[in-house]
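Below is one structure; the comments refer to it alone.
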Amino acid sequence: MKKRILILTALILSGFVFAQNNLPFTKGINMLTFFETWNKGELPNLNKHDEADFACLKSMGVEAIRLPVHFDLLMEPYDTGIIYDFVLEKLDQVCDWAEKYQIYLIIDDHSFNTEEYDNNPPSVQLYKEHLESVWRQIASRYNNRSKFIIYEILNEPKSNGEIASKWIKLQQGIIDLIRSYDPERDIVVTSANFSSIDTLVKMKPYKDPNLIYSFHFYEPFEFTHQGATWVGSWMIDLEDIPFPYDRKRMPKLKGRAKDSYLPNYFREEYPTKGTVKYINQRIKKAADWGKKNTVRIFCGEIGANVWTNPVDRLAWINATRTALETNNISYCCWGLDGSFGFLKSDKAGMLFPDDIDKDALEAYGFTMPDPKLSEKASLSITSQKPYLVYDGLSGVGVGKNYWGNIKEIKKDTGRDYCMVISYPSQQNGCRFNLPNRITSIIAESPQSFTVSFSVKFADIKQEFRFQLSDTDEGAELPPWNISVPIKASDYPVGEWVTIEIPVSKLSESGAWSNKANKWFPPQGKFDWSRLECIYFDFDDFDNKNKCDIYIEDIVIKKK
12 MKKRILILTA LILSGFVFAQ NNLPFTKGIN MLTFFETWNK GELPNLNKHD
62 EADFACLKSM GVEAIRLPVH FDLLMEPYDT GIIYDFVLEK LDQVCDWAEK
112 YQIYLIIDDH SFNTEEYDNN PPSVQLYKEH LESVWRQIAS RYNNRSKFII
162 YEILNEPKSN GEIASKWIKL QQGIIDLIRS YDPERDIVVT SANFSSIDTL
212 VKMKPYKDPN LIYSFHFYEP FEFTHQGATW VGSWMIDLED IPFPYDRKRM
262 PKLKGRAKDS YLPNYFREEY PTKGTVKYIN QRIKKAADWG KKNTVRIFCG
312 EIGANVWTNP VDRLAWINAT RTALETNNIS YCCWGLDGSF GFLKSDKAGM
362 LFPDDIDKDA LEAYGFTMPD PKLSEKASLS ITSQKPYLVY DGLSGVGVGK
412 NYWGNIKEIK KDTGRDYCMV ISYPSQQNGC RFNLPNRITS IIAESPQSFT
462 VSFSVKFADI KQEFRFQLSD TDEGAELPPW NISVPIKASD YPVGEWVTIE
512 IPVSKLSESG AWSNKANKWF PPQGKFDWSR LECIYFDFDD FDNKNKCDIY
562 IEDIVIKKK
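Here you go:
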């Protein structure tokens, strides 16, 4: 009898341990370019998502959202300071939405993610000061939130620099700091070397029972990142790599790919690594480590580039998702949009939920959104509801790109932000790429719309051009512009004024094609069906402008 009781007790305890190894969610997405920025002085797109998107995602089967936040560039001073109030206020709102729809929200410190830090990793001391600053503020602010809010200490600690050997100890210090504010909340931890499986399985688990151990999976890397521009020059010229490996379909390498390590890799290693069996083995390696140590495992990122052959891409996504599900590992795909997500492409103008690729979505394990919720989340322009392009932050679906001596600052002494263009500077410009849904609406009846924006001039001689531009498709289809000059002499100087421009007042002004590297004089060929962006041209090659020009509140209105 005593022996039976002991056996029963052991079974109950083992079942409890097994239950502990399961996360409360099985699958989710990374919500990209929402709280991310890559340049000092440039604000993130905090208008990108709203509550309607969360309702939509819930209907699709999304159980968790990993939210990358570039805290290092969203604090004053940078890296180690106080997080901007407006960022925390928006994060509060996102937490509210997550809790309302019972979606787990992983607040991911995605700092030190610029090219500068890839080449010159932060010192351990900078890591320490940064993480202490971030998590002291976050843990003290959200310690009374529900279980649906989860912390992730840091995304992908570097593989080079001194942090690689000192990360485990540093991470323990941050766990202890968080626990002083928030004793029981789930915390995602990871290993160095970009959260790889091989460094994860070398970790000795911490004693804290409320930790989730994360790894990222993009293997084989040479398949998932073929054509990527941010990895190395050899990868840019890599294309048409099949998955699974098929000797008959292997392409001849060209360009920089041919002159790298890749020929040998594809000859010696890819026949083994480019297989479903290899993916299963790698995922099982992480799962076995989790079982051995009775800890919870989580794959925080998976994905393959959207420009990969779609059949091969879907094969890889299905194989990876199946391996994770088989091994009871929860996962988040790297983005609902972007280069690895489930929209139809990563081109400017693609928008959730309008441009979902159903095959990719289902391969990642989700279903199409509820049609009524999808319609509610879609964009529109009416006479009662203008479309916001920029109010110090980019509007929903807007891709912002500026160059030259331009930055975003607080407007006057208030809390609102605006764009400031500083002179002397010969080449300055800002493009606001519009989502396809909005350009399609405008193209149906362009004369029905006006564009308004607020501007403050500092000198009566200042001027710039306001333009609408087609997409750049090279010499045969240049990015034709229609534009109008904006001169300070026509408006009060030194105060904010609102300028409203009927699109009918714009006239064609030619086109510069980056793809053709050529200027095209006006030919009356501006095409509304190819409208891509709003463009502010602040070039000043004659050095006429002095002081600063301020811009904000760009809105498209229907008459």
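FYI, the numbering for the sequence shown is 12 to 570, going by this note's numbering.
Even for Gly, the Cβ is constructed at its ideal location relative to N, Cα and C.
Every value quoted in this text rests on a predicted model; they were computed, and no experiment measured them.
Of the residues Ser-436, Gly-410, Pro-435, Pro-262, the one whose Cα lies closest to the Cα of Ile-449 is Gly-410. Taken in chain order, the unbroken stretches of alpha helix (DSSP H) that lie wholly in the segment 250-294 and span 4 residues or more are 266-269, 273-279, 281-284.
The residue from His-60, Cys-67, Ala-334, Ala-268 with its alpha-carbon nearest to that of Lys-101 is His-60. Straight through space, the alpha carbons of Asn-33 and Ile-160 are spaced by roughly 17 Å.
Short of 8 Å from the beta carbon of Phe-205, and not among the five residues preceding or following it, lie these beta carbons of its own chain, in chain order: Glu-167, Pro-168, Lys-169, Ser-170, His-227. Taking all protein chains shown into account, Asp-193 has 16 or more neighbouring C-beta atoms within 10 Å of its C-beta and is therefore buried. For Gln-438, the number of other beta carbons within 10 angstroms of its own is below 16, and it is reported as exposed. Here Ile-567 is not near Tyr-342, since their CB atoms are 7 Å or more apart.
By the neighbour-count criterion, in which 16 or more other beta carbons inside 10 Å mark a residue as buried, Glu-419 falls on the buried side.
Rounded to the nearest whole angstrom, the C-alpha separation of Val-135 and Thr-240 is 29 Å.
When rounded, the separation of the alpha-carbon atoms in Thr-286 and Arg-258 is 12 Å. Taking 7 Å as the cut-off, the beta carbon of Ile-294 is found closer than this to the beta carbon of Leu-335. Across the structure, Pro-532 and Asp-553 are spaced so that their CA atoms are roughly 21 Å apart. The segment 123-164 is shown to contain whole beta strand (DSSP E) runs of 3 or more residues at 160-163, in chain order. Between Pro-216 and Val-306, the C-beta gap is smaller than 7 Å, which places the two residues in contact. Between Ile-392 and Ile-452 the beta-carbon gap is near 5 Å, inside 8 Å, which marks them as a contact.
Secondary structure note for Phe-531: its beta strand (DSSP E) is the uninterrupted segment 529-531.
Ile-149 and Ile-471 have their C-alpha atoms some 46 Å from each other. Cα atoms of Trp-49 and Asn-130: separation of roughly 15 Å, rounded to the nearest angstrom.
Judged by DSSP in its simplified three-state form, Phe-468 adopts strand. Around the beta carbon of Arg-442, 16 or more other beta carbons sit within 10 angstroms, so the residue counts as buried. Between Lys-38 and Glu-74, the gap from beta carbon to beta carbon is short of 7 Å. Per DSSP, reduced to three states, the secondary structure at Trp-327 is helical. Closest option to Asp-248, judged by alpha-carbon separation, among Ser-271, Pro-231, Phe-254: Ser-271. Straight-line measurement puts the Cα of Lys-288 at about 12 Å from the Cα of Glu-230.
Proximity of the segment 264-279 to the segment 297-315 falls short of the contact definition, fewer than three beta-carbon pairs being nearer than 8 Å. In this structure, the alpha-carbon of Thr-337 lies about 20 Å from that of Phe-254.
In this chain, the beta strand (DSSP E) harbouring Asp-119 covers 115-120. One thing to note: Gly-403 has its Cβ within 7 Å of the Cβ of Glu-563. The distance from the Cβ of Ala-469 to that of Val-504 is about 7 Å, consistent with a contact at the 8 Å cut-off. For the pair of segments examined, the segment 518-525 was found to touch the segment 480-492: the number of CB pairs separated by less than 8 Å reaches three. Counting C-beta atoms within 10 angstroms of its own C-beta, Gln-395 has fewer than 16 neighbours from the protein chains shown and is therefore classed as exposed. Of all alpha-carbon atoms in Asn-339, Pro-282, Lys-265, Glu-280, the one lying nearest the alpha-carbon of Asp-299 is that of Asn-339. Within the same chain, Cβ atoms closer than 6 Å to the Cβ of Ile-565 are found at Val-400, Tyr-401, Phe-464, the five residues on either side in sequence being excluded.
Distance from the CA atom of Gly-238 to the CA atom of Trp-245, rounded to whole angstroms, is 9 Å. Three or more Cβ pairs closer than 8 Å define a contact, and the segment 347-362 meets that threshold against the segment 317-330.
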